[in-house]
Amino acid sequence: MKRVLLSLAAGLIAASGQVIADPFGVYPFKIPPQYQAELSDYRTDWTRVTGFEHSGLHWQQFIVVFLNKDVRVYESNYLEYLRLYQDYDEDEDEEEPVPNFKSYSPGTIVLKENFSSQLGSPHEALTITMMIKRQPGYSPTHGDWEYVQFDKQGKVLLAGKGTDSAIQKVCASCHESIKERDYIFANFYSKSK
6 MKRVLLSLAA
16 GLIAASGQVI
26 ADPFGVYPFK
36 IPPQYQAELS
46 DYRTDWTRVT
56 GFEHSGLHWQ
66 QFIVVFLNKD
76 VRVYESNYLE
86 YLRLYQDYDE
96 DEDEEEPVPN
106 FKSYSPGTIV
116 LKENFSSQLG
126 SPHEALTITM
136 MIKRQPGYSP
146 THGDWEYVQF
156 DKQGKVLLAG
166 KGTDSAIQKV
176 CASCHESIKE
186 RDYIFANFYS
196 KSK
């Protein structure tokens, strides 16, 4: 029965001329030339670790997060965060659990698509923000992360180290509060691939 219904649905869609598309196969953002090699096909080749999540941390926008690698670190750090900080049955006599957060390896890119919010739903593509884990020594006081932000037309708005004043103001000051998690917020996690 299930197979018959699926065939019927496929036939109706084909007859109507509509094509069901994967929205993550569409790229609403133009990639700046200097990041083309690193970001080509990120929506289809990388792991999407969130759906459209409304984020108070990101200017009340909807976000979607993709990673090129180290997805297990992202997942592990999120679960560890829940284990440590979401325990609502805290007993003051219990010992504080020892955190076991992991670090990302050089070359890891955490890419966040940012969308405006309209009537409680994602609306217009706004910017991409990325953190790129560089080799040790790149920015030791900020976890060796490079911060990048560009708009949907591919214009780079910010790029550099956490010590740069504009990046400190817009990005790094918040990420410093989670140094123990290698500076990466992982508040939502879904197995997408």
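So for the sequence shown, the working numbering puts the first residue at 6; every next one is plus one. The beta-carbon is built from N, C-alpha and C at its ideal position, and this holds for glycine as well.
- In the structure shown, Val153 falls within a strand segment according to DSSP collapsed to helix, strand and coil.
- Less than 9 Å divides the Cβ of Thr134 from the Cβ of Tyr152.
- Exclusion of the five residues before and after Pro141 leaves Asp149 as the residues of its chain whose Cβ lies within less than 7 Å of its Cβ.
- The three-state reading of DSSP puts Ser45 in coil, since its state is none of H, G, I, E or B.
- Our two residues, Ile36 and Gly159, have alpha carbons roughly 5 Å apart in a direct line.
- According to the DSSP assignment, Asn82 belongs to the alpha helix (DSSP H) that extends over 76-90.
- Exposed is the label assigned to Glu101, since fewer than 16 other Cβ atoms lie within 10 Å of its Cβ.
- Counting every other CB atom within 10 Å of its CB across the protein chains shown gives Cys179 a total below 16, marking it as exposed.
- Looking at the DSSP output, Lys160 bridges to nothing.
- Assignment of Glu129 by DSSP, reduced to helix, strand and coil, places it in the strand class.
- When C-alpha distances from Phe29 are compared across Tyr40, Cys176, Tyr47, the shortest belongs to Tyr47.
- Look at Thr134 here: in three-state DSSP terms it is strand.
- Annotated three-state conformation of Gln65 is coil, per DSSP.
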